[in-house]
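For the sequence shown, the numbering used here assigns the number 7 to the initial residue and increments by one for each residue that follows. Positions of the beta carbon are idealized from the N, C-alpha and C atoms, including for glycine.
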Amino acid sequence: MMGTVLVTGGAGYIGSHACAALIEAGYQVVVLDNFCNSSPVALKRVGEICVTPPICVQGDVRDRDCLDKIFHAHTITAVLHFAGLKAVGESVDLPLEYYDNNVVSSLVLLAAMQQAGVTNIVFSSSATVYGDPPSVPIREDFALSPTSPYGRSKLMVEDILADWHVANPNWSVCRLRYFNPVGAHPSGLIGEDPQGFPNNLMPFVAQVAVGEREKLFVFGDDYATADGTGVRDYIHVMDLVEGHVVALEYICRQPGLHTINLGTGNGVSVLDMVKAFEHASGQSVPYEIVKRRPGDIAACWADPRLAETLLQWTASRSLAQMCEDAWRWQQGNPRGYA
Ligand code: NAD
Ligand code: UFG
Numbered sequence: 007m008m009g010t011v012l013v014t015g016g017a018g019y020i021g022s023h024a025c026a027a028l029i030e031a032g033y034q035v036v037v038l039d040n041f042c043n044s045s046p047v048a049l050k051r052v053g054e055i056c057v058t059p060p061i062c063v064q065g066d067v068r069d070r071d072c073l074d075k076i077f078h079a080h081t082i083t084a085v086l087h088f089a090g091l092k093a094v095g096e097s098v099d100l101p102l103e104y105y106d107n108n109v110v111s112s113l114v115l116l117a118a119m120q121q122a123g124v125t126n127i128v129f130s131s132s133a134t135v136y137g138d139p140p141s142v143p144i145r146e147d148f149a150l151s152p153t154s155p156y157g158r159s160k161l162m163v164e165d166i167l168a169d170w171h172v173a174n175p176n177w178s179v180c181r182l183r184y185f186n187p188v189g190a191h192p193s194g195l196i197g198e199d200p201q202g203f204p205n206n207l208m209p210f211v212a213q214v215a216v217g218e219r220e221k222l223f224v225f226g227d228d229y230a231t232a233d234g235t236g237v238r239d240y241i242h243v244m245d246l247v248e249g250h251v252v253a254l255e256y257i258c259r260q261p262g263l264h265t266i267n268l269g270t271g272n273g274v275s276v277l278d279m280v281k282a283f284e285h286a287s288g289q290s291v292p293y294e295i296v297k298r299r300p301g302d303i304a305a306c307w308a309d310p311r312l313a314e315t316l317l318q319w320t321a322s323r324s325l326a327q328m329c330e331d332a333w334r335w336q337q338g339n340p341r342g343y344a
């Protein structure tokens with residue numbers, strides 16, 4: 007399936023890489039982003055990477071008029087819905103903002119799609135919907151019990167999409183549960199650009215390696231894991247967005263409600279990540295062990311077999327490649343897009 011795809015949140019970290027992958031695969035891309043957590047420069051850079059740049063609309067997904075105008079002006083065949091707020095800790099302090107941004111935007115988007123006759127949607131969900139899993143690897147049919155307003159907002163949208171699909175069985179709805187996206191486009195032109203103090207491990211490690219920060223704080227070394235530090239399933243953002251392209255092709259052939267993990271199936275500890283980044287960058291990454299971060303779990307990694315079976319997709323890039331690509335981006339853009 008080729009055609010024009012609406013990418014909400016397309017200027018963000020994952021969205022900008024998705025734009026590059028979609029254009030590479032032959033799609034036309036229209037981005038809707040309000041730039042609340044991103045820069046228009048990211049989209050200019052996508053235009054440098056790809057032959058055809060994405061069409062950019064600055065606006066809010068909750069703005070129905072704005073969506074109607076986009077659907078009127080372009081023949082959209084599918085929507086990739088990335089827009090949303092994503093900081094777990096911040097969501098505890100600002101729950102209304104999170105429910106408003108993440109849930110209301112999805113409601114307004116579905117109504118606008120229905121009016122426009124667009125029936126294919128891929129939604130960015132998260133492994134955070136599983137909460138603290140009873141065992142690893144995590145399969146899609148595991149119980150769901152998110153522990154933050156952010157995670158609950160993702161689960162609410164998953165449930166809304168399921169109800170919507172019952173009422174509209176001709177739709178194709180895909181709920182992709184991402185594990186931990188890291189790394190950057192191999193060009194070094196686009197990457198993750200967190201505002202202020204990074205919440206996530208990889209951008210923090212990269213900022214220490216480049217000398218922007220003095221040391222990494224490792225949140226606990228007393229977990230029941232091989233080296234005591236938290237274990238996660240880090241997936242190269244290029245693998246992740248290529249997974250979206252194949253998911254899009256799959257759902258356009260196969261109407262239904264699909265729920266799929268996107269992960270590698272490998273668990274990597276905080277100290278494994280530090281070592282891999284030191285190796286890739288040739289820099290040392292000093293760290294200090296501090297107490298556990300409230301709400302963190304010991305270990306989380308995907309059972310990726312459903313994606314393999316349904317989409318014939320597996321993550322292929324190594325941890326070394328994730329670090330090398332993140333390092334290229336970090337070195338070329340020590341202060342991000344600023
Ligand atoms: P990001 O913050 O870099 O990108 C989100 C983009 O959406 C930003 O460009 C922001 O400006 C835009 N946006 C936010 N609210 C908007 C609104 N109401 N209207 C228009 N634009 C809006 O985040 P990301 O890391 O690229 O994540 C993309 C999606 O994937 C999010 O839904 C996130 O919850 C989900 N996700 C991310 C991760 C991760 O670790 N990065 C993990 C699992 C799921
Ligand atoms: N960590 C540190 N120091 C830091 C940052 C993180 O030791 O400065 C540790 C954490 O304790 C954890 C691991 O590194 O063990 C990964 O932490 P991240 O914050 O990078 O990622 P999380 O797994 O906590 O959460 C991320 C996203 C969530 C998403 C989840 C699952 O932030 O939004 O992955 O997809 F829900």
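Query: Identify whether Gln289 lies in helix, strand or coil by the three-state DSSP scheme.; Result: coil
Query: Using CA atoms only, rank isn't needed, just tell me which of Leu268, Ala321 and Ala215 is closest to Ala308.; Result: Leu268
Query: Would you say the beta carbon of Ala212 is closer than 7 Å to some non-hydrogen atom of ligand 1?; Result: no
Query: Can the beta-carbon of Ala133 be found closer than 8 Å to that of Phe88?; Result: no
Query: Check whether the region 157-164 and the region 296-304 are in contact - that is, three or more C-beta pairs closer than 8 Å.; Result: no
Query: Ignore the nearest five residues each way along the sequence and tell me which others in Pro143's own chain have a CB closer than 7 Å to its CB.; Result: Gly271, Trp307, Ala308 and Asp309
Query: Does DSSP classify Glu182 as helix, strand or coil?; Result: Residue identity differs from the one stated: residue 182 is Leu in this sequence, not Glu. Residue state, collapsed to three classes: strand.
Query: For Lys50, is the beta carbon positioned less than 7 Å from some heavy atom of ligand 1?; Result: no
Query: In three-state DSSP terms, what is Gly236?; Result: coil
Query: Could you give the uninterrupted runs of the alpha helix (DSSP H) lying entirely in the region 292-329, keeping only those of 4 residues or more?; Result: 311-317
Query: With a CB to CB cut of under 7 Å and the five nearest residues on each side skipped, what residues in its chain are close to Gly338?; Result: Gly194
Query: Quick one: is Leu38 buried, meaning 16 or more other Cβ sit within 10 Å of its Cβ, or exposed?; Result: buried
Query: Can at least three beta-carbon pairs, one atom from the region 90-106 and one from the region 283-298, be found at a separation below 8 Å?; Result: no
Query: Could you tell me whether the Cβ atoms of Leu182 and Ser112 are closer together than 8 Å?; Result: no
Query: Which residue spans inside the region 98-165 form an unbroken beta strand (DSSP E) run of at least 3?; Result: 126-132
Query: What whole-angstrom Cβ distance do Ala84 and Cys258 have, given they're in contact under 8 Å?; Result: 7 Å
Query: I want to check one thing, is the minimum distance from the CB of Ser132 to the heavy atoms of ligand 2 below 7 Å?; Result: yes
Query: Which residues in the same chain as Val11 place their Cβ atom closer than 8 Å to its Cβ, once the five residues preceding and following it in sequence are excluded?; Result: Leu28, Tyr33, Gln34, Val35, Val36, Ile82, Thr83, Ala84, Val85, Leu86 and Leu254
Query: Is the region 110-130 touching the region 62-71, taking contact as three or more C-beta pairs under 8 Å?; Result: yes
Query: Which first and last residues belong to the alpha helix (DSSP H) in which Gly21 is found?; Result: Tyr19 to Glu30
Query: Check whether the region 217-228 touches the region 241-256, taking contact to mean three or more Cβ pairs, one atom from each stretch, closer than 8 Å.; Result: no
Query: For Tyr136 versus Val94, is the C-beta spacing smaller than 8 Å?; Result: no
Query: Rounded to whole angstroms, what is the Cα-Cα separation between Val188 and Ala332?; Result: 7 Å
Query: Any chance you could list the beta strand (DSSP E) runs of at least 3 consecutive residues sitting entirely within the region 238-262, in chain order?; Result: 240-242
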